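One structure below.
Number of protein chains: 2
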Amino acid sequence: MSVTAAQGFSAAGIAAGIKESGNPDLALVVNNGPRRAAAGVFTSNRVKAAPVLWSEQVLKGGEVTAVVLNSGGANACTGPQGFQDTHATAEKAAEVLVGHSAGEIAVASTGLIGTLLPMDKLLPGIETAAAALSEHGGEKAAIAIKTTDTVHKTAVAGGQGWTVGGMAKGAGMLAPGLATMLVVLTTDADVDAAGLDSALRAATRTTFDRVDSDGCMSTNDTVLLLASGASGVTPEQGEFAEAVRTVCADLARQLIGDAEGASKDIRIEVINAATEDDAVEVGRSIARNNLLKCAIHGEDPNWGRVLSAIGTTKAAFEPDQLNVAINGVWVCKNGGVGEDRDLVDMRYREVEITADLAAGTESAVIWANDLTADYVHENSAYSS
Amino acid sequence: MSVTAAQGFSAAGIAAGIKESGNPDLALVVNNGPRRAAAGVFTSNRVKAAPVLWSEQVLKGGEVTAVVLNSGGANACTGPQGFQDTHATAEKAAEVLVGHSAGEIAVASTGLIGTLLPMDKLLPGIETAAAALSEHGGEKAAIAIKTTDTVHKTAVAGGQGWTVGGMAKGAGMLAPGLATMLVVLTTDADVDAAGLDSALRAATRTTFDRVDSDGCMSTNDTVLLLASGASGVTPEQGEFAEAVRTVCADLARQLIGDAEGASKDIRIEVINAATEDDAVEVGRSIARNNLLKCAIHGEDPNWGRVLSAIGTTKAAFEPDQLNVAINGVWVCKNGGVGEDRDLVDMRYREVEITADLAAGTESAVIWANDLTADYVHENSAYSS
Chain A
2 MSVTAAQGFS AAGIAAGIKE SGNPDLALVV NNGPRRAAAG VFTSNRVKAA
52 PVLWSEQVLK GGEVTAVVLN SGGANACTGP QGFQDTHATA EKAAEVLVGH
102 SAGEIAVAST GLIGTLLPMD KLLPGIETAA AALSEHGGEK AAIAIKTTDT
152 VHKTAVAGGQ GWTVGGMAKG AGMLAPGLAT MLVVLTTDAD VDAAGLDSAL
202 RAATRTTFDR VDSDGCMSTN DTVLLLASGA SGVTPEQGEF AEAVRTVCAD
252 LARQLIGDAE GASKDIRIEV INAATEDDAV EVGRSIARNN LLKCAIHGED
302 PNWGRVLSAI GTTKAAFEPD QLNVAINGVW VCKNGGVGED RDLVDMRYRE
352 VEITADLAAG TESAVIWAND LTADYVHENS AYSS
Chain B
2 MSVTAAQGFS AAGIAAGIKE SGNPDLALVV NNGPRRAAAG VFTSNRVKAA
52 PVLWSEQVLK GGEVTAVVLN SGGANACTGP QGFQDTHATA EKAAEVLVGH
102 SAGEIAVAST GLIGTLLPMD KLLPGIETAA AALSEHGGEK AAIAIKTTDT
152 VHKTAVAGGQ GWTVGGMAKG AGMLAPGLAT MLVVLTTDAD VDAAGLDSAL
202 RAATRTTFDR VDSDGCMSTN DTVLLLASGA SGVTPEQGEF AEAVRTVCAD
252 LARQLIGDAE GASKDIRIEV INAATEDDAV EVGRSIARNN LLKCAIHGED
302 PNWGRVLSAI GTTKAAFEPD QLNVAINGVW VCKNGGVGED RDLVDMRYRE
352 VEITADLAAG TESAVIWAND LTADYVHENS AYSS
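Protein chains in written order, with the numbering used here: chain A, 2 to 385; chain B, 2 to 385.
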């Protein structure tokens with residue numbers, strides 16, 4: 002399924018030799034039209050990789066013919082040469098695809114920061130990938146963008162006569178020295194760039210932006226949405242936006258489920274907040290508290306650490322009105338001891354923390370992972 | 002030395018039975034005058050433990066006769082009963098010390114959040130501690146406030162005829178379920194409450210406030226400075242403030258050196274920042290980056306993770322002008338690859354990261370620790 006679930010797209014995933022392991026490392030996604038509308042959201046990290054700087058420019062035009070994605074190197078912190086390499090990648094794809102310009106080609110990279118890509122392998126790889134393009138190539142493309150992902154991630158949704166599909170890799174910045182969440186979504190719905198942009202921003206705001214595996218923001222995060230219009234159907238915008246959100250939420254959940262070294266997926270729901278921003282701020286603070294993340298790993302319903310985390314925020318609340326449930330047991334009531342913590346069953350991978358701010362009616366959900374010795378090992382044991 | 006290095010103070014540390022281990026768990030520090038001026042700074046966490054709420058009120062009077070400190074329980078998130086227990090603790094100390102009121106007695110607690118203190122052991126313990134008060138009791142007091150500290154921490158500084166001494170426990174919130182950095186400083190200098198407050202705030206701002214072992218803010222952090230005036234000397238304010246800062250910096254460095262599970266002490270110096278606030282923001286962002294903390298643990302000079310962390314801040318800088326040195330080797334120059342990373346020697350416990358923002362002339366130093374499997378173990382393996 003993946004990026005070729007929607008009509009009008011072909012894709013390929015090949016091993017270009019960028020990774021020393023010989024594993025697949027280059028993906029090509031091509032929009033065969035008739036429409037080539039596109040939207041994108043990128044990392045808000047101010048230290049942006051060359052492909053992010055390039056693709057931001059491409060997306061300003063509102064049209065994307067193809068996306069070249071590579072694993073095995075992030076092309077971040079690589080200076081003018083790194084940007085030239087991204088430009089050369091787009092030029093090569095434009096040349097191979099015939100009749101297109103580099104300005105329609107988005108580029109995304111993932112892997113080590115601070116090293117140049119092996120262009121002598123990447124450029125010939127684009128030719129190989131173009132020759133392998135197929136309307137059934139979505140799975141292979143999803144596999145080629147994996148770094149330390151244990152599984153490739155794809156999702157699909159849609160409506161009457163139209164489809165939204167996508168692929169993703171990464172989870173925050175979990176890998177050793179690696180950067181990046183890369184996501185490409187495609188649709189055969191006939192939607193213009195403005196409609197895509199609106200749907201994509203709304204979707205990422207409550208999905209990928211609320212996944213916080215380890216609190217680390219990448220230099221390379223890229224989410225693209227391409228529309229071919231091949232279905233000839235223009236869905237109602239709300240329905241379309243909901244389908245995009247569904248695919249994003251599905252992929253985001255898969256990223257958390259495959260986060261490196263994690264043993265728990267933590268769903269943090271903040272309820273009764275004065276504002277949605279308050280709910281998100283509190284959720285993130287809980288998601289990033291290393292002591293709590295350790296406690297969850299140890300299956301210890303340590304609600305004191307939740308309160309400590311809430312206490313560091315500027316959100317509206319009174320300390321003696323806070324309530325916290327872990328897996329449905331309200332272990333903290335009115336800022337103090339609540340139900341018996343021994344009632345909390347934490348044996349399963351998914352853990353649910355509910356923080357009730359008793360300050361309003363807004364809410365938000367943030368997904369996070371626990372902190373484990375495996376996480377430390379995977380991010381310290383290999384020099385990179 | 003500790004809190005009895007200065008004249009006019011007596012102290013004791015005893016085992017009251019608060020800790021199930023039977024280790025020392027109750028400390029009493031008494032200012033015998035003639036002056037009883039005091040200043041304090043407390044956690045900025047909005048979820049404050051009962052003893053913090055109590056002592057903040059006491060300090061508003063500018064006079065403290067004695068400080069009761071206990072380990073074995075934080076008395077945080079304990080509701081009205083917790084506050085009553087703190088009040089009863091102060092009343093008991095006032096009664097035992099004769100001729101004083103509870104309003105002059107500061108209280109500090111450290112240990113588990115969310116459980117009430119065993120007052121049947123704590124209150125008799127105050128009598129025992131009062132009977133054991135000694136002008137040589139500083140070391141025992143420092144030992145009695147330890148939780149998972151492997152060593153007790155004391156420091157001393159001073160000038161012509163006057164002394165500042167102190168004790169500390171904890172490091173951020175490193176212990177399993179435990180909260181707290183507790184610090185008591187004493188001086189025999191003849192300084193009023195305003196002078197103490199000014200010196201203490203200036204000192205903590207650049208010492209304890211810039212120690213960031215694991216990014217977690219406690220509900221119980223308390224730093225007190227008591228002056229007896231027993232030396233009869235009133236030092237020049239700048240000289241006095243510098244002595245207070247020296248003791249605070251010494252204790253802060255000891256806290257980092259004893260942080261649970263840590264294998265590295267990381268000195269992060271941000272230079273050439275546009276403002277001191279920028280320097281601190283960037284330093285904290287680097288200090289809290291889990292991926293970088295793992296890399297340092299693995300003795301991997303992964304400067305890309307430093308740049309990623311800097312990129313999440315609002316500080317003034319241009320990405321292509323950033324420079325980063327690790328242990329003196331400028332591994333990143335102008336936002337890209339610099340000197341050979343193989344030149345970096347990271348075998349020793351202390352690691353120095355220098356981040357040059359090339360945006361001004363301000364600077365700041367933040368101390369942090371690495372992230373290790375031992376940290377995860379110590380904060381997850383024991384249920385608390």
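Heads up, the beta-carbon is just placed ideally off N, CA and C, and yes, glycines get one too. Please read all numbers here as calculations on a predicted model, not as lab measurements.
Check                                                                                                              : Outcome
Nearest-angstrom Cα separation, counted from B/A107 out to B/T90                                                   : 9 Å
Status (buried if at least 16 other CB within 10 Å, exposed otherwise) for B/S232                                  : buried
Nonlocal neighbours in the same chain, by C-beta distance under 6 Å from B/A12, ignoring five residues either side : V4, T5, V30, G138, G139 and A142
Interface residues of the segment 199-230 of chain A facing chain B [CB-CB below 9 Å]                              : D215, G216, C217, M218, S219 and T220
C-beta atoms of A/T247 and A/V165 nearer than 9 Å                                                                  : yes
Under the three-state DSSP convention, the category A/L124 falls into                                              : helix
Straight-line gap, A/V366 to B/A7 (C-alpha atoms, nearest Å)                                                       : 53 Å
Beta-carbon separation (whole angstroms), B/E270 vs B/T362, contact threshold 8 Å                                  : Actually they do not touch by this definition, with Cβ atoms about 14 Å apart.
Range covered by the alpha helix (DSSP H) that runs through A/I367                                                 : From DSSP, A/I367 is part of no alpha helix (DSSP H) but of the beta strand (DSSP E) over E363 to N370.
Proximity below 9 Å, CB of B/A75 to CB of B/I127                                                                   : no
For A/L183 and A/K170, believed in contact at Cβ under 8 Å, the rounded distance                                   : 5 Å
C-alpha gap between A/A360 and A/I144, whole angstroms                                                             : 45 Å
Coil, strand or helix - B/A109 by DSSP                                                                             : strand
is_contact[A/S72, chain B] using C-beta, thresh 9 Å                                                                : no
Closer than 8 Å at the beta carbon, the chain A residues around B/V377                                             : C295, H298, L372, T373, A374, Y376 and V377
Test: B/F1 CB closer than 9 Å to a CB of chain A                                                                   : Only positions 2 to 385 of chain B appear in this structure, which leaves residue 1 of chain B out of reach.
Within-9 Å CB hit, A/N380 to chain B                                                                               : yes
Under 9 Å by beta carbon: chain B residues contacting A/D321                                                       : G80 and P81
Strand pairing of B/D213, partner residues [DSSP]                                                                  : B/A369
Contained beta strand (DSSP E) runs [length at least 3] in the segment 122-208 of chain B, N- to C-terminal order  : 154-160, 163-170 and 183-188
Per-residue DSSP class, three states only, for A/L227                                                              : strand
Where A/I19 falls, given that 16 or more other Cβ within 10 Å makes a residue buried                               : buried
Separation of A/D259 from A/V69, as counted between CA atoms                                                       : 24 Å
9 Å Cβ cut-off: residues of chain B touching A/A77                                                                 : G305, L308 and S309
For B/G312 and A/W368, the rounded distance between their alpha carbons                                            : 23 Å
CA-to-CA distance, B/D375 to A/D375, given in whole angstroms                                                      : 11 Å
Members of the segment 41-52 of chain A that neighbour chain B once the beta carbon cut-off is set at 9 Å          : T44, S45, N46, R47, V48 and K49
is_contact[B/D357, chain A] using C-beta, thresh 9 Å                                                               : no
Cβ-Cβ separation, A/S219 to A/N46 (assumed contact under 8 Å), whole Å                                             : 6 Å
Nearest to B/A133 (by Cα), restricted to the options B/A17, B/S264 and B/E379                                      : B/A17
Within 9 Å of chain B by C-beta, residues of the segment 320-340 of chain A in sequence order                      : P320, D321, L323, V332, C333, N335, G336, G337 and V338
Sequence-distant residues of the same chain with beta carbon closer than 7 Å to A/D371, five excluded per side     : A263, S264, K265, I267, K294, I297 and H298
Pair within 9 Å by beta-carbon distance, A/V192 and A/A200                                                         : yes
Rounded straight-line distance, which links the Cα of B/A94 to that of B/V65                                       : 12 Å
7 Å CB neighbourhood of B/N24 in its chain, flanking five on each side removed                                     : A16
Contacts of B/N290 in chain E (Cβ-Cβ under 7 Å)                                                                    : The displayed structure is made up of protein chains A and B, and chain E is not among them.
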